[in-house]
Amino acid sequence: DAGVIQSPRHEVTEMGQEVTLRCKPISGHDYLFWYRQTMMRGLELLIYFNNNVPIDDSGMPEDRFSAKMPNASFSTLKIQPSEPRDSAVYFCASSPGSQGGYFSGETQYFGPGTRLLVL
Amino acid sequence: SQQGEEDPQALSIQEGENATMNCSYKTSINNLQWYRQNSGRGLVHLILIRSNEREKHSGRLRVTLDTSKKSSSLLITASRAADTASYFCGTGRRALTFGSGTRLQVQP
């Protein structure tokens, strides 16, 4: 398996522009997570999905952020409009859930991240 | 607020030495996971220990869990330069809450 795939790997944009980050989870995984990593705040959970349904979006900073999972193999995280404080590395992760059994179902597999810089 | 907090924040050792890092958390847990992050990369799962387990081994890794003290430790034995990375503990049933990590530098 290719692992979790994220695109783009790097994004530089200007304040006010719309940014869309994409994620393809590992096939067969039930859960998909979006995290954000900054020096100041560390790793933060933004939102997670179970079987394509958003379960907890309490970590989404504000209405400028939205996430969708239209099918089991694709998710997007959108920022509109973007601001300089959104600059961070955004990670997508997936986990097997019930498919992984007792010992491995909760292990998370992270993508390489998207490094976002908003000028 | 962060659930887990790693200690120390940074650790520098020589190749061949053992590295120990600790994680403290605040609320009761079902399990605790340790992850490694190499510079510029995503996190890689190392080991998961459940709340009813006290110790777990995987290769050169040894993890302990003390639920009464709400703490866990990760021991890397006979460290190698390739172990240089940041190490994070994560807690939570599904979505994980991570600490700020321990940056380990192994000098060749």
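In the order they appear, the protein sequences are chains A and B.
For the first sequence, the working numbering gives the first residue as -15, with consecutive numbering after it.
For the second sequence, the working numbering gives the first residue as 309, with consecutive numbering after it.
Glycine included, C-beta positions come from ideal geometry on N, C-alpha and C.
- The C-beta separation of Leu29 of chain A from Gly43 of chain A comes to about 5 angstroms, placing the pair in contact by the 8 angstroms criterion.
- The beta carbon of Leu351 of chain B lies closer than 6 angstroms to those of Tyr343 and Gln345 in the same chain, with the five residues before and after it left out.
- His353 of chain B is bridged by DSSP to B:Tyr343.
- As a beta-bridge residue in DSSP terms, Ala51 of chain A pairs with A:Leu61.
- If you draw a 10 Å sphere on the C-beta of Val37 of chain A, you find fewer than 16 other C-beta atoms in it, and that means exposed.
- The beta-carbon separation of Ser59 of chain A and Ala51 of chain A, rounded to 7 angstroms, stays under the 8 angstroms limit for a contact.
- A residue is called buried when at least 16 other Cβ atoms come within 10 angstroms of its Cβ; Arg20 of chain A meets this threshold and is buried.
- Here the alpha carbon of Tyr74 of chain A sits roughly 5 angstroms from the alpha carbon of Gly97 of chain A.
- Under the criterion of beta carbons closer than 8 angstroms, Arg370 of chain B and Glu361 of chain B do not qualify as touching, at roughly 12 angstroms.
- DSSP places Gly324 of chain B in the coil class of the three-state scheme, outside both helix and strand.
- Closer than 7 angstroms to the CB of His353 of chain B there is at least one CB belonging to chain A.
- DSSP places Ile384 of chain B in the uninterrupted beta strand (DSSP E) bounded by Ser379 to Ile384.
- Counted as a single uninterrupted DSSP element, the beta strand (DSSP E) harbouring Leu27 of chain A occupies residues Gly26 to Asn34.
- Think of a sphere of 8 angstroms around the beta carbon of Thr405 of chain B: the chain A residues whose beta carbon falls inside it are Leu29, in chain order.
- Counting along the chain, Leu412 of chain B sits inside the beta strand (DSSP E) bounded by residues Thr410 to Gln415.
- With respect to the 7 angstroms criterion, Ala327 of chain B and Ile384 of chain B are classified as neighbours on the basis of their beta carbons.
- Across the region 22 to 54 of chain A, CB contacts with chain B closer than 7 angstroms involve Gly26, Leu27, Leu29, Tyr32 and Asp40, in sequence order along the chain.
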